[in-house]
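For the sequence shown, counting from 1, position 151 maps to 260 in our numbering; every step adds exactly one. All C-beta atoms, glycine included, are put in the ideal place defined by N, C-alpha and C. Notes to accompany the following structure.
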Amino acid sequence: MRRTEGSKSFSVFLLTTAILALLGLAVITNASIPLSQANFGESFYYFRHQIIYGFGLGILAFLFFYRFNYHRLKKFSLGAVLLAVLLLAAVFVPGLGYESGGAKRWLGVLGFSFQPSELAKLAIIIYLAYWLESKKDKIKNPLMLLPFLFWLGVIGGLVLIEPDLGTFLIISAISLGMYFSAGAKAKTILAVGLAGVLVLTVLIAAEPYRRERFLSFLDPQEDTAGRSYQSNQALITIGSGGVFGLGLGKGIQKYNYLPETIGDSVFAVISEELGLVGAGFVLFLYLIWVLAGLKLAAAAKHIYGRYLTLGVVIWIGLQAFINILGILGLVPFSGIPLPFISYGGSALLIELAAVGIVANVARGR
């Protein structure tokens, strides 16, 4: 397939991206008003921030990467991952990084904040796509696992120190998914996966707040005013929406009942205001987005483009479903945002840049 702008998969991929992002903006516009008034004394601070730094810069990033020859990204692959490492380390530098919610995940420069872990997701995709293409005849060699694990360990280690276990899991899944798609032996992936489960168990047991989250998942009815508060409020919010919802902007849980209403709990707000129908529609959009992305990956003219596309699809798709399943109480709550919808300028900027790269690949260069 030389050119796919007119193809169904290409159109569906872009259309679902646009609908999800616009829906997110609509939800943030009203859900952020109480929080904006409490923190800044005006109603639309978060809306304005998302429009400028998420949508505005994100659309520019999309257009740039859509027109930029993605093959040239190979030259910047090592630089991208080194920059990600540098920025991840910089969050621990006094005066540059700052703490919020008990975690150092943000850089603050000249009044602007940025979350380097969002860039790290895209950077490792760009690097691994090039590395896997260049080593395609050696991937089955077990020794190739060492350089693969090196970069995963460096980036993943810095993310864990922040601490951000959810993002670490996403980055690990992206990396293993791409590695497996390149032809790595299933037993190698299984061995790494089992080792990862062991590490995850240790990480959960070693940190009190991680233990609390896991225990709240196992028994959400214990300590409903403490460790299980957010998960219980999320379920209450979802249940109050019924089938058709209370109406956009008419939800009540955003008034200091549900934590992170415009962040990782935004799916609960959607369920309350748009009901089971609206929540199901969002799930449907993500599923269609993933399927369209996988079709674009399979149709990619070059293997490098295929790896890039697959990495982005794994990232966005897995992150979306982990967030939603966490809100529904079906997996432990991870705290990761809902792609395209949750508030966060740097996250939306990087996500739209990634969509631009996939669209570039789909052009069939």
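Who are the near neighbours of phenylalanine 185 in its chain, counting only those whose CB is closer than 8 Å to its CB and skipping five residues on each side? Residue mapping note: residue 185 aligns to position 76 of the sequence shown, counting from 1. Excluding positions up to five away in sequence, the list reads Ile235.
What would DSSP say about arginine 111, mapped onto helix, strand or coil? Counting from 1 along the sequence shown, the entry for residue 111 is found at position 2. Because the pLDDT of arginine 111 is 44, which lies under 50, any placement of that residue in the model is unreliable, and the question is left without a value.
Measure the CB-CB distance between leucine 344 and glycine 275 and report whether it falls below 8 Å. Against the sequence shown, residue 344 aligns to sequence position 235. Against the sequence shown, residue 275 aligns to sequence position 166. In this structure, glycine 275 does not lie closer than 8 Å to leucine 344 by Cβ.
Applying the criterion that 16 or more other CB atoms from any shown protein chain within 10 Å of the CB defines a buried residue, is valine 306 buried or exposed? Indexing the sequence shown from 1 puts residue 306 at position 197. With fewer than 16 Cβ atoms within 10 Å of its Cβ, valine 306 is classed as exposed.
Can you tell me the Cα-Cα spacing of glycine 441 and leucine 269, whole angstroms? Locating residue 441 in the sequence shown gives position 332, where the first residue counts as 1. Locating residue 269 in the sequence shown gives position 160, where the first residue counts as 1. Note on residue identity: the sequence assigns proline, not glycine, to residue 441. C-alpha separation (whole angstroms): 17 Å.
Alpha-carbon to alpha-carbon, tyrosine 154 and glycine 115: Numbered from 1 along the sequence shown, position 6 holds the residue referred to as residue 115. Numbered from 1 along the sequence shown, position 45 holds the residue referred to as residue 154. Confidence is the limiting factor: at glycine 115 the pLDDT is only 44, short of 50, which leaves the residue's position unreliable and the question unanswerable from this model.
For lysine 213, three-class secondary structure by DSSP: Sequence index remark: in the sequence shown, residue 213 carries index 104 (1-based). Assigned with DSSP and collapsed to three states, lysine 213 falls in strand.
Where leucine 149 falls, given that 16 or more other Cβ within 10 Å makes a residue buried: As a position in the sequence shown, residue 149 is number 40, starting the count at 1. Here residue 149 is phenylalanine; the residue named in the question, leucine, does not match the sequence. That one is exposed.
What three-state label does DSSP hand serine 337 in the structure shown? Locating residue 337 in the sequence shown gives position 228, where the first residue counts as 1. Correct three-state label for serine 337: coil.
Among Ser222, Leu187, Phe221 and Leu383, which residue has its Cα nearest to the Cα of valine 136? Taking the first residue of the sequence shown as position 1, residue 136 is located at position 27. It is Leu383.
What's the C-alpha gap between isoleucine 103 and valine 421? Nothing in the structure corresponds to residue 103, since the chain is present only between 110 and 474.
Which residue's Cα is closest to the Cα of alanine 282: Ile425, Leu447 and Gly356? Within the sequence shown, residue 282 is the residue found at index 173, counting from 1. The shortest Cα separation from alanine 282 among Ile425, Leu447 and Gly356 belongs to Ile425.
How big is the Cα-Cα spacing for methionine 287 and threonine 126? Taking the sequence shown and counting its residues from 1, the one referred to as residue 287 is at position 178. Taking the sequence shown and counting its residues from 1, the one referred to as residue 126 is at position 17. Going from the Cα of methionine 287 to the Cα of threonine 126 covers about 22 Å.
At the level of alpha carbons, what is the spacing between serine 141 and leucine 327? On the sequence shown, position 32 is the one that residue 141 refers to. On the sequence shown, position 218 is the one that residue 327 refers to. Computed Cα separation, rounded: 31 Å.
Leucine 231 versus leucine 241 - alpha carbon distance: Translated into positions along the sequence shown, residue 231 becomes position 122. Translated into positions along the sequence shown, residue 241 becomes position 132. Rounded to the nearest angstrom, the two C-alpha atoms are 15 Å apart.
One or two residues paired with proline 203 in a DSSP bridge: Here residue 203 corresponds to residue number 94 of the sequence shown, with the count starting at 1. Paired residues: Gly206.
Please classify threonine 418 as buried or exposed, where buried requires at least 16 neighbouring CB atoms within 10 angstroms. Counted from its first residue, the sequence shown places residue 418 at position 309. Classification for threonine 418: buried.
Are the beta-carbon atoms of serine 451 and glycine 372 separated by less than 8 Å? Position 342 of the sequence shown holds residue 451. Position 263 of the sequence shown holds residue 372. Taking 8 Å as the Cβ cut-off, serine 451 and glycine 372 qualify as a contacting pair.
Delimiting residues of the alpha helix (DSSP H) encompassing phenylalanine 325: As a working note, residue 325 is residue 216 in the sequence shown. The residue asked about is misnamed: residue 325 is serine in this sequence, not phenylalanine. 317-327 is the extent of the alpha helix (DSSP H) around serine 325.
Less than 8 Å separating the beta-carbons of valine 200 and glutamate 151? On the sequence shown, position 91 is the one that residue 200 refers to. On the sequence shown, position 42 is the one that residue 151 refers to. For valine 200 and glutamate 151, no; Cβs fall outside 8 Å.
Taking the beta strand (DSSP E) that phenylalanine 153 belongs to, which residues open and close that run? Position 44 of the sequence shown holds residue 153. For phenylalanine 153, there is no enclosing beta strand (DSSP E), as DSSP gives it neither H nor E.
Which two residues bound the contiguous alpha helix (DSSP H) that contains serine 141? The count along the sequence shown starts at 1 and reaches residue 141 at position 32. Where serine 141 is concerned, there is no enclosing alpha helix (DSSP H), given that its DSSP letter is neither H nor E.
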